[in-house]
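Asker:
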DNA sequence: TTAGGGTTAG
């Protein structure tokens, strides 16, 4: 809380200060405050803190333009006010405002303070604002500001993070004197740009090293995949600090050794800080141990360590992978309760979580409320809409994105094109695929060709799909052949299908799915000898099929069911309930596909009866355990079989329940006997 | 001046 100096104390200045310190203001409130400040003689007395508080309030209220018009309305604003305003504009991620303010400051003859200059460099580096940083650089040169070692090092850091290694080198070699900090910055530049060997050489030649130098090398060797050298840097460092421990723990996670990482975390003991916890949580997410990520978060809370935005991002990522909507909602709630700052990274994590948990409306709400949206946020919403079967809405967002001046990238087009596949929008796919190169100058990668092959194939345009594979500039990978095979299956082109799957087996002999593809194909043709031949081949080669797993969240607990699994404590009740389900299905004229029971082994073990397919057990458990009207949300690791798909449609209407199933690749929203995929998957 | 965070086709 700001209080004006005694001499300036008046009810008005106090009330102004209070208003200004309050959270967000509307632009009308800002205007009226501005008028009050101008007309009440404040300016003559210059209560600098009040002026600064008002400016801060402009940024907090997302009206940066008020800050600059306010500054312009003050005769000779003090240099400190200029500087703090410029720094605020950086912190609020409002670069256009920053540029205007910075130019205004220079025109006003105010030299930026050293704090401001380093803040600018740091921000440019942090936000990879390459052009901005460069224009800043030239402006600074123009006004004749002298670069000392610290500023040059900042500049070096900026160019390093912007990925501009040549400029980093130029700055570094042009430095009249170098200290440890400068050498460290150059090591960091080299390491970040993949020139790990060179970084190592520089480190070896350094006349002086500090803790930071050793710590940098831990990460540097980790990038080389050389964990032994990372560990050596850790051990040799004479000033081991918390950062050293955190760096080595992270290195083990990055090289997929969570067990050693955990061991070090335990050994670290009281030296742990919040970053150590965040490293553990994000590390488990990286190693796909989502349950451990969540339990580590619970331990973090028990240890009374305050979680940060970074913690939340990792947690949300775990929820997204698990499809744990209730947990994700809890995290969102926690963020609001603890007033954590939802920046573009955290916002993106929320959007992604909601999309991957099948709650698109919540994702859209987060998206709308974001102050700053970067390419990640746009991509996540576009990918998410497509994945949930809303191809047209994805296009709407693409249009909005370009209208807002955000340039789409390769990921955007993957999202769009894959979304079109899920909605059968062939014409749009063609249009955007050509727009990609013609309008946006993005070279299509294998993933884009893969999307197109999928889109064309699924629409029955198999010939065109094959032609595209033959004419594309790179060799098709297993994914491309795999999607073409699915299309052959859907459109019953067994001849082409057999050719495709043989290609697949050659490229990817370890992938169990490919063998399953082929034996399914033979089964559909009643070529049983070939079926058993391939099963034998699978056993010989030691290729194991992945069992189907489905999970459902009830009362904040994740229940996982594996196909044919009878070990759940409530299995007997579930089984009785499945009988009832089967009875009701029969009443509605559904006959299970017997052929599928015996031969469709794509997703489940052959011998487990179809009624024990994991998604069916999970849905039955949901019907039993969740209150009426509550949507049943199931996450499955593989694709749903066609029989389960039609059963779930019937269940949604007979039991009047919405069911959302996330399978390996997309969402199915079942309601009133229909599925959002329109049986197109 | 060093440690921890986000989107990608079957």
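Numbering (the numbering used here), first residue to last: 144 to 824.
A virtual CB, placed ideally from N, CA and C, is assigned to each residue, including glycine.
Please tell me whether residue 492 and residue 463 are closer than 9 Å, where the distance is taken between their beta carbons.
Answerer: Position 349 of the first chain, counted from the first residue, corresponds to residue 492. Position 320 of the first chain, counted from the first residue, corresponds to residue 463. Yes, they are a contact pair.
Asker: Counting Cβ pairs closer than 8 Å, one from the region 459-476 and one from the region 495-509, do we hit at least three?
Answerer: yes
Asker: Under the DSSP definition of a beta bridge, which residues are partnered with residue 820?
Answerer: Sequence index remark: in the first chain, residue 820 carries index 677 (1-based). Answer is none; residue 820 lacks a bridge partner.
Asker: On the DSSP letters alone, give me the boundaries of the alpha helix (DSSP H) that residue 760 sits inside.
Answerer: Numbered from 1 along the first chain, position 617 holds the residue referred to as residue 760. Residues 757-768.
Asker: So is residue 696 buried or exposed if we call it buried at 16+ other beta carbons inside 10 Å?
Answerer: By 1-based counting over the first chain, the position of residue 696 is 553. That one is buried.
Asker: Assess contact between the region 776-789 and the region 675-694, defined as three or more Cβ pairs (one per stretch) separated by less than 8 Å. Is contact present?
Answerer: yes
Asker: Restricting to Cα atoms, I'd like to know which of 465, 451, 500, 573 is closest to residue 485.
Answerer: The residue given as residue 485 occupies position 342 in the first chain. Here the closest residue by C-alpha is 451.
Asker: By DSSP, does residue 809 sit in helix, in strand, or in coil?
Answerer: Locating residue 809 in the first chain gives position 666, counting from the first residue. The answer is coil: DSSP assigns residue 809 none of H, G, I, E or B.
Asker: What is the DSSP secondary structure of residue 429, reduced to helix, strand or coil?
Answerer: The sequence position of residue 429 within the first chain is 286, counting from 1. Helix.
Asker: By how many angstroms is the C-alpha of residue 255 removed from the C-alpha of residue 468?
Answerer: Mapped onto the first chain, residue 468 falls at position 325. Mapped onto the first chain, residue 255 falls at position 112. Distance between the alpha carbons of residue 468 and residue 255: 48 Å.
Asker: Where does the unbroken alpha helix (DSSP H) through residue 130 begin, and where does it stop?
Answerer: Limits of the chain in this structure are 144 at one end and 824 at the other, which puts residue 130 out of reach.
Asker: Can you list, in chain order, the residues of its chain with a C-beta nearer than 7 Å to that of residue 502? Leave out the 5 residues immediately preceding and following it.
Answerer: Stepping through the first chain from its first residue, residue 502 is reached at position 359. Only 468 meet the Cβ criterion.
Asker: If you follow the alpha helix (DSSP H) that residue 378 is in, where does it begin and where does it stop?
Answerer: Taking the first residue of the first chain as position 1, residue 378 is located at position 235. Residues 370-379.
Asker: May I ask you to list the residues that DSSP assigns as paired with residue 692?
Answerer: If you number the first chain from 1, residue 692 lands on position 549. Bridge partners of residue 692: 705.
Asker: The beta strand (DSSP E) spanning residue 779 covers which residue range?
Answerer: Counting from 1 along the first chain, the entry for residue 779 is found at position 636. Annotation: the continuous beta strand (DSSP E) that includes residue 779 extends over 775-779.
Asker: Specify the secondary structure class of residue 198 as computed by DSSP and reduced to three states.
Answerer: For this step, residue 198 is matched to residue 55 along the first chain. Here residue 198 sits in helix by DSSP.
Asker: Pick from 532, 689, 587: whose alpha carbon is nearest that of residue 556?
Answerer: On the first chain, position 413 is the one that residue 556 refers to. Minimum Cα-Cα distance from residue 556 among the listed residues 532, 689, 587 corresponds to 587.
Asker: What are the residues that DSSP puts in a beta bridge with residue 802?
Answerer: On the first chain, residue 802 is found 659 positions in, with the first residue counted as 1. Bridge partners of residue 802: 775, 813.
Asker: In this structure, does DSSP put residue 697 in helix, strand or coil?
Answerer: Counting from 1 along the first chain, the entry for residue 697 is found at position 554. DSSP places residue 697 in strand when its eight states are reduced to three.
Asker: Measuring straight from C-alpha to C-alpha, what distance separates residue 822 and residue 579?
Answerer: For the purposes of this step, residue 822 is taken as the residue at position 679 of the first chain. For the purposes of this step, residue 579 is taken as the residue at position 436 of the first chain. Their Cα atoms are separated by approximately 29 Å.
Asker: Check whether the Cβ atoms of residue 826 and residue 513 sit closer than 9 Å, and answer yes or no.
Answerer: Here the chain covers residues 144 to 824 and nothing more, so residue 826 does not appear.
Asker: If I measure Cβ to Cβ from residue 336 and keep anything under 6 Å in the same chain, skipping five residues before and after, which residues do I get?
Answerer: As a first step, residue 336 must be located in the first chain, where it is residue number 193. 308, listed in sequence order.
Asker: Within the region 205-263, note down every full alpha helix (DSSP H) run reaching 4 residues or more, in order along the chain.
Answerer: 207-216, 222-234, 238-250
Asker: Taking contact to mean at least 3 C-beta pairs separated by less than 8 Å, is the region 564-580 in contact with the region 598-618?
Answerer: yes
Asker: Measure the C-alpha to C-alpha separation of residue 681 and residue 396 and round it to an integer number of angstroms.
Answerer: Position 538 of the first chain, counted from the first residue, corresponds to residue 681. Position 253 of the first chain, counted from the first residue, corresponds to residue 396. In a straight line, the C-alpha of residue 681 is about 33 Å away from that of residue 396.
Asker: Nearest by alpha-carbon distance to residue 796: which of 774, 528, 606 is it?
Answerer: Counting from 1 along the first chain, the entry for residue 796 is found at position 653. Selected option, being the one with the closest Cα: 774.
Asker: How would you write the range of the alpha helix (DSSP H) that residue 358 sits in, first residue to last?
Answerer: On the first chain, position 215 is the one that residue 358 refers to. Residue range 354-366 is occupied by the alpha helix (DSSP H) that includes residue 358.
Asker: Roughly how many angstroms lie between the CA atoms of residue 703 and residue 810, to the nearest whole one?
Answerer: Locating residue 703 in the first chain gives position 560, where the first residue counts as 1. Locating residue 810 in the first chain gives position 667, where the first residue counts as 1. Take the alpha-carbon of residue 703 and the one of residue 810: they are about 18 Å apart.
Asker: Is the beta carbon of residue 782 within less than 8 Å of some heavy atom of the ligand SAH?
Answerer: Of the ligands one can find in the structure shown there are none, so the ligand SAH has no counterpart to examine.
Asker: If you count every other CB in all the chains shown that lies within 10 Å of the CB of residue 815, and 16 or more means buried, which is it?
Answerer: Counting from 1 along the first chain, the entry for residue 815 is found at position 672. That one is exposed.
Asker: With a CB to CB cut of under 8 Å and the five nearest residues on each side skipped, what residues in its chain are close to residue 717?
Answerer: As a first step, residue 717 must be located in the first chain, where it is residue number 574. If we look at residue 717 and ignore the five residues flanking it on each side, its Cβ neighbours are 711, 760, 763, 764, 767.
Asker: Within its chain, find whatever has a CB closer than 8 Å to the CB of residue 259; leave out the 5 residues flanking it on each side and keep chain order.
Answerer: Stepping through the first chain from its first residue, residue 259 is reached at position 116. The residues are 226, 229, 230.
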